[in-house]
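See structure below.
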Amino acid sequence: MNIEKIKLAVSDFHPHLKARMLERGVTEEEVEKTLEEGWEADDAKAGTTGKVFVSPYNSDWEGKPFAEKEVTVYYKLAGGKFVLLTVKARYGKSFSKGGGGHANRI
741 MNIEKIKLAV
751 SDFHPHLKAR
761 MLERGVTEEE
771 VEKTLEEGWE
781 ADDAKAGTTG
791 KVFVSPYNSD
801 WEGKPFAEKE
811 VTVYYKLAGG
821 KFVLLTVKAR
831 YGKSFSKGGG
841 GHANRI
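In my numbering, each residue carries its 1-based index in the sequence shown increased by 740.
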C-alpha cells in the first residue's frame, strides 16, 4: 500500500491517539505531512512502520524556545487496513535527516 495515496479520516485518529497528540503538541496536519514526506524511522518494532519528519518550529514548547520539531508516526497494515498506532514529538535543533539530534523527548 502506497502511503502517499492514503487520505486520513477523522476515524483514523483513535481517542487515545488524539490525547497523545495533544499532550505532545502534534497536529493532524503534521501527521499527514510526516506520512507523505517523512523518511523511515529506524526504531520501529517488528510489524510496525514508522515515518519521521523534521520541520522548522521557532517557537516555545513548555516554556523553552526550540528551532525544530521532529514528528514520528508509527502505523501498521492490519488485514489490508491502515492503522495509526502512536505519534512522538521531539523539540530541539540540528536534527539529522534520518533521526537523531539533540532534543527534549516528549
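Even glycine gets a Cβ: it sits at the ideal position worked out from N, Cα and C.
Of the residues the options, the one placed nearest residue i, counting alpha carbons only
| i | options | result |
| --- | --- | --- |
| A698 | E769, K816, E772 and F822 | Given a span of 741 to 846 for the chain in the structure shown, any question on residue 698 remains unanswerable. |
| G832 | E810, K791 and M761 | E810 |
| P755 | V827, S836 and A781 | V827 |
| Y797 | A749, E768 and S834 | S834 |
| K773 | L748, T788, R764 and G787 | L748 |
| L775 | V750, A818, G765 and V792 | V792 |
| G819 | K804, A781 and G787 | G787 |
Residue i, DSSP secondary structure in three states
| i | result |
| --- | --- |
| E802 | coil |
| A749 | coil |
| V771 | helix |
| R760 | helix |
Terminal residues of the beta strand (DSSP E) in which residue i lies
| i | result |
| --- | --- |
| A829 | K821 to K833 |
Residues sharing a beta bridge with residue i, DSSP
| i | result |
| --- | --- |
| A781 | A781 pairs with nothing; no bridge assigned. |
| G790 | Y814 |
| P755 | DSSP output for P755 lists no bridge partner at all. |
| E808 | P796 and G832 |
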